[in-house]
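In my numbering, the protein residues as written are 21 to 650. Notes follow the structure.
What follows is the structure, given as structure tokens:
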């Protein structure tokens, strides 16, 4: 029996022109598109190719013109400084227009690139929108990123201007950005002529005369710049993601498809509209921050919340509940890692009892697979729908989700529910043939990708084809492996290279992680395949225990080994496991499984540029040496 959701989904596949043409009416165009989907350059497709618009106008000005200038556009809450600010749509429009005027005064014109190197402060949102306002292309690099990696991005994007902050704030330290930027500018071949600096109270950066300009001086005195109309296919931003060759891949997001898809997603996926408070607890350095801190909520006329702080430690594991209560947050979107951290520090959820979180209607999780234990804990404590949804930097928005604005579907443990309208998701074998329901294979999306997905890589169209479209002609290869069951629910089990072959049996490390995470003493875990002379590969597990657990570690490990044997079978050959204090992660919260695997296999390891704390690798290496008898 077809559901409401199934009917909407099928329409998006059967009539993409009609479906997305209708969605495009939610956007204000300076020239309305007559060509919805241009397939003349297939397998590279372009949406709304003859349309023109301005993304900043759609995010800000049109709401002011509609009489909603007094409505709150942005709430900024810094748990690091205690600063709490609100900006109305009218105020944010004026500030953005002046910033746009300032960067025009510094020589930026339509089509130029501007690199933004900033922490979670309101000026980062303003800078991004100001670039969009004048048709410049922004490239945000996560604040505090290593100098050599920053230099690679400068050389690839060749920016006319860098907008930076003097420093970022961590719970235990001040991270000085300006010295890292200075080093990167020295390493890069491309010469950046000008830098616009936001000086923070925690640390004032030295300024170089003739190159560096002070935000607090330049922006207030600048004239307000008008919105510049651009082609729907013109780039809005470049966002770099790690490449397997070490050379970062510049994911390009265009203006038209991006605006249409994100505006559509706010209503249909998140069920959030005008005046409602949406909080994406991410960072503007990541795709979630681009899509759901800056653009989507503002396109929808909602209130977006920007938080500078951590889920724990600023000051405690009740930080998120305080923010939800104080600002009447309707929907929270964060990473499973955040909730695992909260659960680890406060496993009984006692701090939640101190706050009124009844404004919250849903929790959305993404960034990595949500284990059922974390899902159940959040459901039980919050009493609202918990939606695990799956997407990537490249896609820009959810490939799979429980679309609460269409129909709240039954949740299945370990599944981000069904493919979202527009995403024709398939499971393929190694030869690119579709597999039947329930069989494990490569997850791929039949082309064309919907609006909002990346149309290419910056300065690398051939690499775009080679990296994403060549493996399975006619499909986008997600690089993830999984299954789709009889009811159409997707299960993303692991990256394709995390499918391990144990004595000829193809097994998912994600399935084993699910078993480990179900143990009552385990807060988070990672399972990876390591080389074995007899079986080819065998799984190894590392677990972090919940706060307050004092039981013998060997006893817990024995229980974990038995659980995997009971639930997956002896074929898994799961015998290697150890308790660790913490797991190495990226700043966005993803566990660095590939790095751990290389260390376990005795391979040389380059410290990833995105790692949160490099010192942890020393701890992990010691644990591995003991576990593997080295």
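Positions of the beta carbon are idealized from the N, C-alpha and C atoms, including for glycine.
Which same chain residues end up closer than 7 Å to residue i when comparing Cβ atoms and leaving out the 5 residues on each side of it in sequence?
i, result
"residue 307", "259, 413 and 416"
"residue 203", "167"
"residue 275", "73, 75, 250, 252, 254 and 256"
"residue 381", "350, 351 and 404"
"residue 247", "74, 76, 77, 81 and 153"
"residue 636", "602 and 604"
"residue 398", "359, 383 and 406"
By how many angstroms is the C-alpha of residue j removed from the C-alpha of residue i?
i, j, result
"residue 440", "residue 238", "44 Å"
"residue 163", "residue 582", "43 Å"
"residue 496", "residue 66", "15 Å"
"residue 574", "residue 436", "34 Å"
"residue 57", "residue 567", "52 Å"
"residue 429", "residue 312", "22 Å"
"residue 229", "residue 577", "60 Å"
"residue 357", "residue 337", "13 Å"
"residue 35", "residue 521", "41 Å"
"residue 353", "residue 614", "26 Å"
"residue 120", "residue 103", "25 Å"
"residue 242", "residue 84", "21 Å"
"residue 640", "residue 616", "8 Å"
"residue 89", "residue 299", "20 Å"
"residue 122", "residue 411", "35 Å"
"residue 408", "residue 344", "19 Å"
"residue 324", "residue 314", "7 Å"
"residue 188", "residue 223", "9 Å"
"residue 295", "residue 551", "54 Å"
"residue 133", "residue 179", "4 Å"
"residue 648", "residue 620", "8 Å"
"residue 466", "residue 488", "12 Å"
"residue 25", "residue 213", "52 Å"
"residue 118", "residue 219", "18 Å"
Using C-beta distances below 6 Å, list every residue in its chain close to residue i, excluding the 5 sequence neighbours before and after it, in chain order.
i, result
"residue 455", "447, 449 and 461"
"residue 328", "98, 100 and 140"
"residue 459", "none"
Residue i lies in the beta strand (DSSP E); which residues open and close that run?
i, result
"residue 466", "461-466"
"residue 199", "Here residue 199 belongs to no beta strand (DSSP E); instead the alpha helix (DSSP H) covers 197-207."
"residue 215", "214-218"
"residue 599", "596-599"
"residue 384", "382-385"
"residue 532", "Residue 532 -> not in any beta strand (DSSP E); alpha helix (DSSP H) instead, spanning 529-537."
"residue 188", "187-190"
"residue 394", "Not the beta strand (DSSP E): residue 394 falls in the alpha helix (DSSP H), residues 392-402."
"residue 95", "92-98"
"residue 258", "255-261"
"residue 158", "157-160"
Grab me the residues of residue i's own chain with a C-beta within less than 8 Å of its C-beta, minus the 5 sequence neighbours each way, in chain order.
i, result
"residue 585", "592 and 594"
"residue 293", "286, 287, 320, 321 and 322"
With residue i as the anchor, note down where its alpha helix (DSSP H) starts and where it stops.
i, result
"residue 317", "316-319"
"residue 119", "109-125"
"residue 50", "Per DSSP, residue 50 belongs to no alpha helix (DSSP H) and is neither H nor E."
"residue 175", "167-177"
"residue 236", "235-241"
"residue 643", "636-647"
"residue 34", "24-34"
"residue 419", "That residue, residue 419, is in no alpha helix (DSSP H); it is neither H nor E in DSSP."
"residue 617", "613-620"
Going by CA-CA distance only, name the one from the options that's closest to residue i.
i, options, result
"residue 93", "102, 101 and 76", "76"
"residue 108", "600, 342 and 91", "91"
"residue 302", "139, 478 and 24", "139"
"residue 360", "528, 334 and 393", "393"
"residue 39", "442, 535 and 642", "442"
"residue 377", "340, 637 and 362", "340"
"residue 533", "199, 225, 555 and 561", "561"
"residue 563", "130, 611, 271 and 245", "611"
"residue 273", "240, 300 and 160", "160"
"residue 330", "488, 194, 622 and 98", "98"
"residue 536", "391, 632 and 487", "391"
"residue 68", "37, 96, 62 and 87", "37"
"residue 53", "61, 478, 44 and 278", "44"
"residue 151", "130, 170 and 169", "130"
Q | Runs of beta strand (DSSP E) lying entirely within the region 270-298, each at least 3 residues, in chain order | A | Entirely contained in the region 270-298, not one beta strand (DSSP E) run reaches 3 residues.
Q. Which runs of the alpha helix (DSSP H), 4 residues or longer, sit entirely within the region 450-515?
A. As far as the region 450-515 is concerned, its whole alpha helix (DSSP H) runs of at least 4 residues are 481-484.
Q | Ranges of the alpha helix (DSSP H) found wholly within the region 540-588, counting only runs of at least 4 | A | Counting only runs of 4 or more, we get 573-587.
Q) Residue ranges of each alpha helix (DSSP H) run of no fewer than 4 residues wholly in the region 329-389, ordered along the chain? A) DSSP runs (the alpha helix (DSSP H)) wholly in the region 329-389: 339-347 and 356-365.
Q) Going along the chain, which unbroken runs of the beta strand (DSSP E) with 3 or more residues stay wholly within the region 129-155? A) Within the region 129-155, the complete beta strand (DSSP E) runs of at least 3 residues are 133-137.
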